[in-house]
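Numbering (the numbering used here), first residue to last: 302 to 820.
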C-alpha cells in the first residue's frame with residue numbers, strides 16, 4: 302500500500318513539474334498575464350507542498366528504520382555474549398526453563414552440559430586478558446562445530462559454557478561431550494611465541510520428569526566440579542547419591558555464605574598475641590590477625606570450616622583483600638597506630654596478578670607499613686617464583702616485613718629461607734606440640750633457631766599450649782611464643798581496651814593467660 306501511494310505521489314509530482322516547466326517556458330516567450338501568473342503560482346505551491354510531504358515521509362521512514370535497528374541491537378545485546386556472540390547466561394536459563402516446561406508435558410529427556418576450561422587462568426595470568434579473550438572466542442567456535450543447529454550453546458561467564466541438547470538421551474549426551482572434550486584436548490592455543498594446552502572438564506545432567514523441579518544448572522555445575530576433582534580433562538555424570546555431589550553441595554553453600562558475609566561485613570577480625578619470651582632482646586609484642594565468619598543467625602564460624610572451600614574456589618584473594626583493608630583501617634585510628642600486626646597471605650593471592658596490582662594501587666603508600674608483617678605459608682605453591690620474589694622485595698622496600706609460616710612442614714623450607722627476604726620464621730606446630738617428650742623435636746627447633754640467628758631472622762614458636770613447652774622454648778632461645786599458653790584469640794576491636802588494661806610481658810604471661818581464659 303505504501304509503495305502504491307509513493308508511486309502515485311511521484312507521478313503527480315512529475316506531472317506538475319512538467320506542466321510548470323511548460324507554462325514557465327510559454328510565459329517566458331509571452332508577457333505575463335494575470336491568469337497565467339496565478340496558475341503558475343498555484344502549481345509552484347503544489348510542487349513545494351508535495352516535495353515537503355515527500356521529505357517528511359522520508360525523514361519519518363529513516364527515523365523508524367533507525368529506531369528498529371536500535372531496538373534490534375538492544376535485544377541482541379540483552380541475549381548475547383558481547384565477546385563471542387554466543388547466547389548469554391540469561392537467555393540460556395530462559396531456554397532451559399522453557400525446555401523444562403515441555404519436559405513436564407512430554408515424556409522425553411534432554412542433555413545439559415556444563416563445561417569449564419582447565420587451564421584458562423594460566424593463559425590469562427601469563428599472556429594477558431587479550432590472549433584470554435582470543436582463547437574464549439576460539440574455544441566457542443570449536444564447541445559450536447561439534448553440536449547440532451538445534452542445540453543451544455551459551456557462554457555462562459568467564460571460561461564456563463553451557464550446552465542444551467534437546468531430545469538427546471544419556472548415551473548421545475556423553476558422546477557429544479566426549480567429542481568436545483577430545484577436540485579441546487588436542488587443540489593448542491598459540492599466542493605470539495607461546496603455546497598452551499587447554500583441556501576441559503564437562504559435567505552432564507539429564508533433564509527429565511524426575512528433576513524438572515530442581516536447579517539442574519547447579520547440578521550440572523556440581524558434576525563439572527567433580528570432573529575437575531577427578532583429575533581434569535574428563536566427563537562426569539551427575540548422580541544424586543554420590544558422596545562427591547553431597548560434598549560439593551555443602552561447599553557451594555559455604556561459598557554462598559562467604560560471599561554473603563563479605564557483602565554484609567560479617568567477616569570479623571580476631572587477634573592472637575605473639576609474645577616475646579627471649580629476655581636477651583627487647584622485642585615488642587605483636588598480634589596475628591585471624592578471621593571468623595558470622596552466619597545469618599549470628600553464630601561465629603571457625604575458619605577451618607570455610608577457608609578450605611574458599612581456597613578451592615579461588616575466593617582467598619577476595620578474603621585477603623578484605624582482611625588487609627579492614628586491618629589497615631583499624632590501624633589508622635590514633636589509639637592503634639603503635640600496634641604491630643601480622644596478616645596472612647594465601648598462595649592463591651600471591652600468585653594472582655590482579656591481587657598484586659590492587660595491592661600496589663591501594664596500599665603502596667600506607668603510612669604504618671613498618672607495623673605490618675605479612676605471613677606466607679611455607680607450603681604455599683609459588684607458581685612463578687621470580688614474580689613472587691619481586692613482590693616480596695617490593696613489600697620490603699615499602700616498609701613491610703615478611704614472615705615464613707609453618708616452617709619445616711614442607712620440602713621448600715630452607716630454599717625459601719635462603720632466597721626470600723624473610724624477617725621472621727614461625728616454627729611449625731608439629732615440632733612444638735610434643736617437644737616435652739621428643740628429643741628429635743628439641744634438636745629440630747634448636748637447629749632452626751641456630752640457622753635463623755646466623756641469618757638475623759627472628760623465630761616464633763606456634764601451638765604453645767602449656768607452661769612446660771614455654772619453658773623449653775625459652776632455654777632454646779626462641780624469640781616469640783604464640784598459642785593458648787599465651788592467649789586465646791579475641792576480637793580485634795577489643796584490643797585497644799585490652800592493652801590499656803593489661804601489660805603483657807614474659808614476666809606476667811601466666812596472669813595474661815588467666816585473664817584471657819575469663820573472656
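Virtual Cβ for every residue (Gly too), placed ideally from N, Cα, C.
Note that this is a predicted model, so its numbers are computed, not measured.
- Apart from the 5 residues on each side of it in sequence, residue 428 sits with its Cβ closer than 8 angstroms to the Cβ of 492, 493, 495, 497 in its chain, given in chain order.
- Each of 394, 403, 426, 388 was checked against the Cα of residue 658, and the nearest Cα belongs to 426.
- Ranking 384, 760, 419, 537 by CA distance to the CA of residue 575 puts 760 first.
- The shortest CA-to-CA distance from residue 470 to any of 525, 538, 753 is the one to 538.
- Residue 401 and residue 649 have their alpha carbons spaced roughly 39 angstroms apart.
- Residues 674, 724 of the same chain have their beta carbon placed closer than 6 angstroms to that of residue 702, with the five preceding and five following residues left out of the count.
- Distances from the CA of residue 635 to each of 669, 556, 678 were compared; the closest alpha carbon is that of 669.
- Around the Cβ of residue 782, a 10 Å sphere holds 16 or more other Cβ atoms; the residue is buried.
- Residue 580: not part of any alpha helix (DSSP H); DSSP gives it neither H nor E.
- Annotation: the continuous alpha helix (DSSP H) that includes residue 524 extends over 517-530.
- With a cutoff of 8 angstroms on beta-carbon distance, residue 594 and residue 567 are scored as near each other.
- Contact holds between the segment 407-418 and the segment 459-470, because three or more Cβ pairs, one in each stretch, are under 8 angstroms apart.
- At a Cβ-Cβ threshold of 8 angstroms, residue 391 and residue 383 do not count as neighbours.
- For residue 634, there is no enclosing beta strand (DSSP E), as DSSP gives it neither H nor E.
- With a 10 Å radius around the Cβ and a threshold of 16 neighbouring Cβ atoms, residue 638 comes out exposed.
- Annotation: residue 688 to residue 695 spans about 11 angstroms, alpha carbon to alpha carbon.
- The beta-bridge partner set that DSSP reports for residue 670 is empty.
- Of 488, 406, 474, the smallest CA-CA separation from residue 441 is found for 488.
- Between the segment 599-616 and the segment 747-764 there are fewer than three C-beta pairs closer than 8 angstroms, too few to call the two in contact.
- Of all alpha-carbon atoms in 433, 582, 633, 780, the one lying nearest the alpha-carbon of residue 490 is that of 433.
- Between residue 556 and residue 521, the gap from beta carbon to beta carbon reaches 8 angstroms or more.
- Secondary structure note for residue 536: its beta strand (DSSP E) is the uninterrupted segment 536-538.
- Counting only residues of its own chain and dropping the five nearest sequence neighbours on each side, residue 617 has a CB closer than 6 angstroms to the CB of 611, 647, 649, 650.
- Straight-line spacing of the CA atoms in residue 681 and residue 714 works out to 11 angstroms.
- Remark: C-beta atoms of residue 525 and residue 504 approach each other more closely than 8 angstroms.
- Assigned with DSSP and collapsed to three states, residue 377 falls in helix.
- Taking every protein chain shown into account, the CB of residue 449 has fewer than 16 other CB atoms within 10 angstroms, so this residue is exposed.
- Assigned with DSSP and collapsed to three states, residue 456 falls in strand.
- Here DSSP, grouped into helix, strand and coil, assigns residue 385 to coil.
- When secondary structure is reduced to three states using DSSP, residue 702 falls in the strand class.
- Here DSSP, grouped into helix, strand and coil, assigns residue 507 to strand.
- The C-beta distance from residue 475 to residue 536 rounds to 7 angstroms, short enough to meet the 8 angstroms contact threshold.
- Considered as a whole, the segment 605-636 harbours 617-632 as its complete alpha helix (DSSP H) runs of no fewer than 4 residues, in chain order.
- For residue 759, the secondary structure class from DSSP, reduced to helix, strand or coil, is strand.
- Rounded to the nearest whole angstrom, the CA to CA distance from residue 656 to residue 622 is 8 angstroms.
- Apart from sequence neighbours up to five positions away, the residues of its chain that approach residue 445 with a beta-carbon distance below 7 angstroms are 454, ordered along the chain.
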